[in-house]
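Participant: Quick one: structure below, then a few questions.
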């Protein structure tokens with residue numbers, strides 16, 4: 181079976197997946213409800229890591245492939261929006277909590 | 106792979122874990138966000154400069170990449186800085202959609218070069234489909250949250266239609282991957298997945314959007330993780346999977362706070378199940394109260410508790426409610442806010458909103474702490490909340506919200522409920538509280554009514 185040999189070839193990746201699932205579950209389980217929204221927003225920014233994929237595509241695509249270049253360019257913009265917007269909006273939310281504490 | 110690159114990805118992955126960990130504690134949350142952002146920056150820069158595989162066109166490509174990053178950064182930064190805090194859930198949703206679209210585009214670009222390699226195609230297509238669903242679903246969720254699309258769109262037999270579309274997406278994906286179809290089929294599949302994303306969110310009511318956003322958030326994480334598999338890229342894999350699993354748990358936590366299984370949210374059982382909630386006949390009648398009488402009642406009370414809900418956020422009345430609190434305190438009344446875990450249907454959303462209008466932290470009291478205080482409370486003002494104060498959750502086993510923890514406001518001496526109309530809450534069930542002899546209804550738009558109430562109080 182092709183799928184088994186594929187998994188065997190990528191066994192470290194499989195380990196990462198399984199362990200990361202547990203880490204993710206473990207991290208979130210004890211969060212106070214107050215922080216759910218900022219946490220969701222922070223996690224939202226982290227999956228912006230998909231931009232790394234967009235950059236990789238851009239690096240190995242042929243410059244003369246106009247459609248590809250345009251799509252890649254778009255993907256980089258969208259990924260950056262996700263990352264930058266995500267982190268900034270999370271920071272603004274958490275800023276509110278900080279402000280409150282000082283008073 | 107370059108050693109420095111591997112190291113950068115390791116740093117990136119670790120900062121994501123540490124960042125998420127810190128984000129889950131109030132004291133370290135803000136720093137945690139910055140830690141993760143820092144790791145992201147390293148991962149991005151390392152990819153641009155150390156990834157290799159670039160030929161003579163490297164400088165041209167750098168120009169394009171940095172151009173894209175510049176545009177995205179400026180646009181993202183400005184939108185995120187300018188948005189009002191009430192609109193923040195829909196912005197998070199929009200950014201999530203952008204990430205999904207990014208994953209989908211990567212799939213489209215990679216497809217052509219990988220035809221013939223079944224496992225790579227499977228990874229590419231899986232990432233693309235999930236990314237597309239997350240993209241179009243997020244756009245619909247965004248439109249619903251900002252009010253452009255304010256009614257659930259339910260096609261006849263929508264559950265059947267949605268299932269058929271979902272099955273066709275999967276069937277087509279399997280066919281495309283197994284037979285290595287030409288690129289045009291990947292585009293067709295992309296279109297079909299986008300349509301499924303639309304149909305998936307269309308029938309879900311606006312109040313459930315936070316759960317949907319959280320779910321789509323974990324979808325995008327999953328899409329990023331597939332990208333990680335494709336490129337053997339550890340940082341994409343860890344980041345994506347972490348968000349995927351954390352997002353799933355968060356989604357379930359939100360559902361649990363509402364006492365509803367996730368399937369209930371997605372398949373919209375509330376529309377049909379509402380009739381079951383009318384199991385008990387309601388006795389008694391509704392009593393109106395004027396703004397003047399409310400002002401008198403509050404002014405001569407010792408202790409007033411405000412119960413804010415989704416309606417408060419919708420009416421953007423969070424600033425005026427703080428004004429009310431200050432006015433009452435100036436007259437010697439003790440004021441507190443009772444925060445239900447799912448107030449605003451977005452856990453923590455109410456805290457963020459009230460914090461933005463400078464309400465002091467210690468005034469926001471969580472449900473378990475405030476409930477014992479209600480018997481000594483003179484006046485409870487319920488603003489735009491409904492289901493979280495519905496006693497049916499305790500007394501009526503046939504009610505759809507039976508078992509959900511509620512704020513015991515009916516133990517207070519007087520209850521004033523501000524609502525726009527007598528329409529049932531989002532759960533579609535009647536609220537016995539409104540018929541309680543101690544309850545008075547103050548009808549009208551929250552912002553409007555509260556403004557008049559504050560003016561009345563100041564005149565006293």
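Protein chains in written order, with the numbering used here: chain A, 181 to 283; chain B, 106 to 565. From the three backbone atoms N, C-alpha and C, an ideal C-beta is built for every residue, glycine too. Source: prediction; values computed, not measured.
Which chain B residues sit within Cβ distance under 7 Å of residue 184 (chain A)?
Facilitator: Result: empty, since nearest Cβ-Cβ is about 11 Å, beyond 7 Å.
Participant: According to DSSP, which residues form a beta bridge with residue 471 (chain B)?
Facilitator: According to DSSP, which records beta bridges pairwise, residue 471 (chain B) is partnered with B:444.
Participant: Give the single residue among A:223, A:220 and A:262 whose Cα lies nearest to the Cα of residue 176 (chain B).
Facilitator: Comparing Cα positions, the closest option is A:262.
Participant: Between the alpha carbons of residue 143 (chain B) and residue 266 (chain A), how many angstroms are there, rounded?
Facilitator: 13 Å
Participant: Should residue 191 (chain A) be flagged as near chain B, meaning a C-beta pair shorter than 8 Å?
Facilitator: no
Participant: Between which two residues does the beta strand (DSSP E) harbouring residue 547 (chain B) extend?
Facilitator: First-last of the beta strand (DSSP E) with residue 547 (chain B): 544 to 548.
Participant: List the residues of chain A that residue 153 (chain B) touches, going by C-beta distances under 7 Å, in chain order.
Facilitator: 235
Participant: Only counting runs of 4 or more residues, tell me where the alpha helix (DSSP H) segments fall wholly within the stretch 145 to 227 of chain B, in order along the chain.
Facilitator: 163 to 187 and 193 to 219
Participant: Please identify the residue among A:256, A:187 and A:271 whose C-alpha is closest to the C-alpha of residue 186 (chain B).
Facilitator: Nearest C-alpha to residue 186 (chain B) among A:256, A:187 and A:271: A:271.
Participant: Inspect the beta-carbon positions of residue 212 (chain A) and residue 194 (chain B) and report whether they are closer than 8 Å.
Facilitator: No; because the gap between Cβ atoms is not below 8 Å, this pair is not in contact.
Participant: Using a Cβ-Cβ cut-off of 8 Å, state whether residue 379 (chain B) counts as contacting chain A.
Facilitator: Model confidence at residue 379 (chain B) stands at a pLDDT of 36, short of 50, so the residue's coordinates are unreliable; what they give is reported in the following sentence. Taking Cβ atoms only, chain A never reaches closer than 8 Å to residue 379 (chain B), which makes this a no.
Participant: Name the two residues that bound the continuous alpha helix (DSSP H) containing residue 518 (chain B).
Facilitator: Secondary structure note for residue 518 (chain B): it is in no alpha helix (DSSP H), with a DSSP letter that is neither H nor E.
Participant: What does residue 319 (chain B) reach in chain A if we use C-beta pairs closer than 7 Å?
Facilitator: 220
Participant: List, in order along the chain, the chain A residues whose C-beta lies closer than 8 Å to that of residue 135 (chain B)?
Facilitator: 271, 274, 275, 277 and 278
Participant: By the three-class DSSP mapping on this structure, what secondary structure does residue 383 (chain B) have?
Facilitator: In this prediction, residue 383 (chain B) scores a pLDDT of 40, lower than 50, which makes its location untrustworthy; the coordinate-derived value is nonetheless stated afterwards. Residue 383 (chain B): helix per DSSP, three-state reduction.
Participant: Using 8 Å as the Cβ pair cut-off and three pairs as the minimum, do the stretch 322 to 334 of chain B and the stretch 344 to 353 of chain B touch?
Facilitator: The stretch 322 to 334 of chain B, when compared against the stretch 344 to 353 of chain B, does touch it at the 8 Å Cβ threshold.
Participant: Excluding the five sequence neighbours on either side, which residues of its own chain have a C-beta within less than 7 Å of the C-beta of residue 366 (chain B), listed in chain order?
Facilitator: 360
Participant: Could you tell me whether the Cβ of residue 280 (chain B) comes closer than 8 Å to any Cβ of chain A?
Facilitator: no
Participant: Give the DSSP bridge partners of residue 486 (chain B), in chain order.
Facilitator: B:411 and B:521, per the DSSP bridge assignment.
Participant: Listed from N- to C-terminal order along the chain, which residues in the stretch 193 to 217 of chain B have their beta-carbon within a distance smaller than 7 Å of any beta-carbon of chain A?
Facilitator: Those residues of the stretch 193 to 217 of chain B placed with their C-beta closer than 7 Å to a C-beta in chain A are 193, 196, 197, 200, 201, 203, 204, 206, 207, 208, 210, 211, 213, 214 and 215, ordered along the chain.
Participant: Around the C-beta of residue 554 (chain B), are 16 or more other C-beta atoms found within 10 angstroms, so that it is buried, or is it exposed?
Facilitator: buried
Participant: Which residues of chain B have a Cβ atom closer than 8 Å to the Cβ of residue 246 (chain A), listed in chain order?
Facilitator: Ordered by position in chain B, no residue passes the 8 Å Cβ test against residue 246 (chain A), which lies about 12 Å from the chain.
Participant: Classify residue 195 (chain A): buried if its beta carbon has 16 or more other beta carbons within 10 angstroms, exposed otherwise.
Facilitator: exposed
Participant: Between residue 177 (chain B) and chain A, is the shortest Cβ-Cβ distance under 8 Å, so that the two count as touching?
Facilitator: yes
Participant: Consider the Cβ of residue 286 (chain B): report whether some Cβ of chain A lies at a distance smaller than 8 Å.
Facilitator: With its beta carbon at least 8 Å from every one in chain A, residue 286 (chain B) lies outside the interface.
Participant: Strictly below 8 Å CB to CB, what residues from chain A border residue 145 (chain B)?
Facilitator: 225, 226, 228, 229, 263 and 267
Participant: Tell me which residues share the same chain as residue 318 (chain B) and place their Cβ nearer than 6 Å to its Cβ, disregarding the 5 neighbours each side in the sequence.
Facilitator: 198 and 246
Participant: Would you kindly work out how many angstroms separate the C-alpha atoms of residue 488 (chain B) and residue 393 (chain B), rounded to a whole number?
Facilitator: 15 Å
Participant: Mind checking if residue 337 (chain B) is an interface residue toward chain A, Cβ cutoff 8 Å exclusive?
Facilitator: yes
Participant: For residue 491 (chain B), tell me which candidate among B:459, B:454 and B:535 has the shortest Cα-Cα distance.
Facilitator: It is B:535.
Participant: Under 8 Å between the Cβ atoms of residue 358 (chain B) and residue 282 (chain B)?
Facilitator: no
Participant: Using the beta-carbon count (16 or more within 10 Å), is residue 269 (chain B) buried or exposed?
Facilitator: In the assembly as shown, residue 269 (chain B) is an exposed residue. Its beta-carbon has fewer than 16 other beta-carbons within 10 Å.
Participant: Would you say residue 213 (chain A) faces chain B, with C-beta separation under 8 Å as the test?
Facilitator: yes
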